[in-house]
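Each residue of the sequence shown is one higher than the one before, counting from 1 in full-length UniProt numbering.
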Amino acid sequence: MKIVLRRARKKSSRTKWHHFWRIFSISKGHHAHSSAIFFDVHLGRLFLNLGFLLVFGYIFGALALSIYWGRHEHSKIGFMDVLLPNRWSQIRPMQGQMLIANADAMLEDAQKDPQLGRVAFHLYRSGLRMYPQDHHARLMLARFFVSAQMYEQAAEVLAEGLDYGMPEDKAYVPALLEIIQLRGNHPLSVKVIPKLLEFETYAENPKTKYPLYRQLMLSQLQGEDYIGLLKTAETINADEDSPFKAHDMIVTALSRMGSVDEALDHLNDLPDAIKRTPAILLLKASVLNEAGEKTEMMAQLQSLFRDFPQAWNAQINAIMLMIKADEGRQANAYITLFLNNHSQNYKAISNLAVRLTDLPDSERIKTMLEFCKTRRPELVSSMEFFYIQALTTEGNFEEAVKQFNAWSAKLPDNYEDQHYEEVFGKILKAVTQRGQDTRLALIESLESRKWEAEIFWEAARALHDNGQFEEATQVLNIALNTYPYHPSIISLRDTVIEDQEAAKSESLSIDTIDSRESLDALSERNTSSSKDNLYDIGITEKDLEE
1 MKIVLRRARK KSSRTKWHHF WRIFSISKGH HAHSSAIFFD VHLGRLFLNL
51 GFLLVFGYIF GALALSIYWG RHEHSKIGFM DVLLPNRWSQ IRPMQGQMLI
101 ANADAMLEDA QKDPQLGRVA FHLYRSGLRM YPQDHHARLM LARFFVSAQM
151 YEQAAEVLAE GLDYGMPEDK AYVPALLEII QLRGNHPLSV KVIPKLLEFE
201 TYAENPKTKY PLYRQLMLSQ LQGEDYIGLL KTAETINADE DSPFKAHDMI
251 VTALSRMGSV DEALDHLNDL PDAIKRTPAI LLLKASVLNE AGEKTEMMAQ
301 LQSLFRDFPQ AWNAQINAIM LMIKADEGRQ ANAYITLFLN NHSQNYKAIS
351 NLAVRLTDLP DSERIKTMLE FCKTRRPELV SSMEFFYIQA LTTEGNFEEA
401 VKQFNAWSAK LPDNYEDQHY EEVFGKILKA VTQRGQDTRL ALIESLESRK
451 WEAEIFWEAA RALHDNGQFE EATQVLNIAL NTYPYHPSII SLRDTVIEDQ
501 EAAKSESLSI DTIDSRESLD ALSERNTSSS KDNLYDIGIT EKDLEE
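Set out below in structure tokens:
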């Protein structure tokens, strides 16, 4: 028997409707002695039926999807949105809006069931992936991140929202700027502020425009983007309505780029009214120091003290510049002059003490302490604490502990800054006692509250100077969770890592030399010597058995 598959012949131009679904037919051969069986395929009917099935399947599939999505609360997806291909691009944003609306609804009930808050958080994230231009959802998601102290993620979420236009919520931009300033996120600030200045709301309002420009320049300076800083400063100087000029930024950028002569030329070309301000006098002195013109530098600083006796902040910077320029005797003389001129100004004296502590310079702090004992006895306790800090930073831990014990014994029971006394005492204990308990006590204290960056720096610096690199790294990691862009913290962390690697390399080198010396000595001995002699190079009895 022979089976043959063939295309059916068209017998009639008219097809009866009851034959429409007949796609296959079976027939025998026409010859009497033929045993062949023929399977006839009606291709026209086949493709037509497949077409009908696809169309009806597509329609019913669209209907099923629209019913499924329609069952979700806050869904705006209809049957025609699924059916018409030109509307398919709208489905994903609609899904995102639906998820965000569901998250809003859940958040209202989150006080009754905290678990709903977690669900709402994930719905906001999923919704933003589908509908990223929803500023409200970004603000809500950022609040979740802030509550979890994930400030970097919060800032990134809000910053990305500026790519989709000006937010209508008035709390959006202030929240973003507050997080950026709180964390000192200068790279993100450089990215965000130009976007804000593209919006008329900020670009045409002097109350927002110029503070944003100032913040942008500070961020560019911190991020060492001197080319960008020059462009921004020139934009400000060309703006006739600007309430300030950015000559200091231009000079700073030029000098840090190595163009000291250009910086001096810019300063010399300024009008006399601007040249004779404390900031410009100090700035020119700094540039002259970089140029090696110390005589002219001191002349500028003398003019600053003579012509502006009340400009104590600029005078402190001038004293720091003298110390940096190795003009120690001049600095000591001007410190005495400064203390006499500002003997009644607590803020001026304490700020000078802070700057000297940061150097550190315990001898000059001690000079200020002696001055306060005779002229400002109410400042003695504060100055003693600065003296202890300076000793600690210098690595003179023995004297620091001695002074700390004497200082803390005199403190009243209701001392308002008692938490500083406690944490500093734990720093000194961790450094001098080197115990596991003292280290854990210090870490616990640093994690207990939001300390100033200087406290973390003091603790890590003291541990580093005492060779406790792992403990210093742990303290800096805690600090970076709160101040991820703080330049002093980052710089100290790099120093700790470098010194730790150097210490490991040196230790490895010494161990290698000791091992070679031990092996040489061993080879000269009788091989039948006692096993105990082998422990000099770290071999154990188990090693010998193996």
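Virtual Cβ for every residue (Gly too), placed ideally from N, Cα, C.
Burial is judged here by how many other beta carbons sit within 10 angstroms of a residue's own beta carbon; isoleucine 365 has at least 16 and is buried. Pairing leucine 158 with alanine 175 gives a Cβ-Cβ distance under 8 angstroms. In this structure, the alpha-carbon of serine 362 lies about 46 angstroms from that of alanine 238. Where tyrosine 164 is concerned, there is no enclosing alpha helix (DSSP H), because DSSP gives it neither an H nor an E. At a Cβ-Cβ threshold of 8 angstroms, tyrosine 334 and isoleucine 319 count as neighbours. The Cβ neighbour count for histidine 135, taken over all protein chains shown within 10 Å, is at least 16; the residue is labelled buried. Counted as a single uninterrupted DSSP element, the alpha helix (DSSP H) harbouring alanine 238 occupies residues 226-238.
Inter-segment contact for the stretch 296-313 and the stretch 337-348 is present: three or more beta-carbon pairs are separated by less than 8 angstroms.
The continuous alpha helix (DSSP H) containing proline 187 extends over residues 186-196.
Here the alpha carbon of arginine 183 sits roughly 13 angstroms from the alpha carbon of glutamine 222.
For phenylalanine 144, the CB contacts under 6 angstroms within the same chain, skipping 5 residues up- and downstream, are Phe121 in chain order. Remark: C-beta atoms of serine 488 and tryptophan 451 do not approach each other more closely than 8 angstroms. Here histidine 342 carries a coil assignment [DSSP, helix/strand/coil]. Inter-residue distance for asparagine 466 and alanine 479 is about 19 angstroms (C-alpha atoms, whole angstroms). Within the same chain, Cβ atoms closer than 6 angstroms to the Cβ of phenylalanine 386 are found at Ala353, Thr357, Ile365, the five residues on either side in sequence being excluded.
In the structure shown, the three-state DSSP call for asparagine 332 is helix.
For tyrosine 420, the enclosing alpha helix (DSSP H) covers residues 418-433. Nearest to alanine 503 by alpha-carbon distance, out of Tyr485, Asn317, Asn481, Gln468, is Gln468.
Measuring C-alpha to C-alpha distances from glutamate 160 to each of Glu234, Glu398, Leu196 identifies Leu196 as the nearest.
Assigned with DSSP and collapsed to three states, leucine 359 falls in coil, not helix or strand. In terms of Cβ geometry, glycine 117 and glycine 96 do not form a close pair [threshold 8 angstroms].
Secondary structure note for threonine 277: it is in no alpha helix (DSSP H), with a DSSP letter that is neither H nor E. Its chain contains Asn481 as the residues whose beta carbon lies nearer than 8 angstroms to that of glutamine 149, once the 5 sequence neighbours on both sides are disregarded; these appear in chain order.
In this structure, the beta-carbon distance from valine 423 to isoleucine 455 falls below 8 angstroms.
Going by beta carbons, leucine 188 and alanine 155 fall inside the 8 angstroms limit. Leucine 139 sits away from tyrosine 164, with the two beta carbons spaced by 8 angstroms or more. For the 8 angstroms CB-CB criterion, arginine 355 and isoleucine 316 form a contact.
In terms of CA proximity to leucine 463, Gly435 leads the group Gly435, Tyr210, Met257, Leu379. Serine 303 has its alpha-carbon roughly 25 angstroms from the corresponding atom of phenylalanine 371.
Taking a 10 Å sphere around the C-beta of aspartate 265, we find fewer than 16 other C-beta atoms and assign the residue as exposed.
Proximity to alanine 285 across Ala273, Ala299, Thr277, Asp272 peaks at Ala299, based on C-alpha coordinates. The shortest CA-to-CA distance from serine 381 to any of Gln500, Trp407, Pro484, Ile427 is the one to Trp407. In the DSSP assignment, histidine 136 falls within the alpha helix (DSSP H) that extends over 135-147.
Contact between valine 401 and leucine 428 holds: their C-beta atoms lie close to 5 angstroms from each other, under 8 angstroms.
Sequence-distant partners of valine 475 (beyond 5 residues in either direction) whose C-beta falls short of 8 angstroms from its own C-beta, in its chain, are Leu442, Ile443, Leu446, Phe456, Ala459, Ala460, Leu463.
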